[in-house]
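J.: The structure that follows is given in the form of structure tokens.
Numbering (this note's numbering), first residue to last: 1170 to 1330.
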């Protein structure tokens, strides 16, 4: 990677991380925030690739927890949220060139399966936060993915050059 491309990669990754964290800190309902965060993960994958999006997907839950956006009860689940974000990104990128809608469906379902498995079988958390990490994650990941692939052509055409 040439110096210019390296600087561009770091800058774009930092901007994507900042935008994602800003939305997390707005205090919007979880469904809205979840859709936007998942859209940002997909947009990061499309714009800076797997490595940059892995950074965004790994840091956003960690920083959200440290800043108090995610409640302390979810502390033990944070590593698994990170893993589920990474799965979303990787699965999306595997299927994207074949079919972007299948990419959204498979990656969203993968994230949902990981988090559901974790809260049902690995980490003991109360039912309400456990429920928040199951079906709502499927919805927010799917809608976020649809949002991302819908706006991506305009972003690619007008912003990323």
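Idealized CB from N, CA, C, for every residue including glycine.
In this text the structure is predicted, and so the values were computed from the model without any measurement.
#1: Which same chain residues, not among the five before or five after residue 1312, have their C-beta less than 6 Å away from its C-beta?
#2: Please name the residue, chosen from 1265, 1197, 1294, 1303, that lies closest to residue 1281 on a Cα-to-Cα basis.
#3: Mind checking which residues open and close the alpha helix (DSSP H) that includes residue 1177?
#4: Please say whether residue 1231 and residue 1321 have beta carbons closer to each other than 8 Å?
#5: Just reading off the alpha helix (DSSP H) that residue 1307 is part of, what are its end residues?
#6: DSSP state of residue 1342, grouped into three classes?
#7: Express the C-alpha separation of residue 1251 and residue 1193 in angstroms, rounding to a whole number.
#8: Buried or exposed for residue 1261, going by 16 or more other Cβ atoms inside 10 Å?
#9: Are the CB atoms of residue 1225 and residue 1239 nearer to each other than 8 Å?
T.: So, from the listed chains and residues:
#1: 1204.
#2: Of all alpha-carbon atoms in 1265, 1197, 1294, 1303, the one lying nearest the alpha-carbon of residue 1281 is that of 1303.
#3: Boundaries of the alpha helix (DSSP H) around residue 1177: 1172-1194.
#4: No. Outside cutoff.
#5: First-last of the alpha helix (DSSP H) with residue 1307: 1304-1327.
#6: In the structure as shown, the chain starts at 1170 and stops at 1330, and residue 1342 therefore has no counterpart that could be examined.
#7: For residue 1193 and residue 1251, the distance between alpha carbons rounds to 15 Å.
#8: Counting other Cβ atoms within 10 Å of its Cβ, residue 1261 reaches 16 or more and is therefore classed as buried.
#9: No, these two residues do not count as a Cβ contact at 8 Å.
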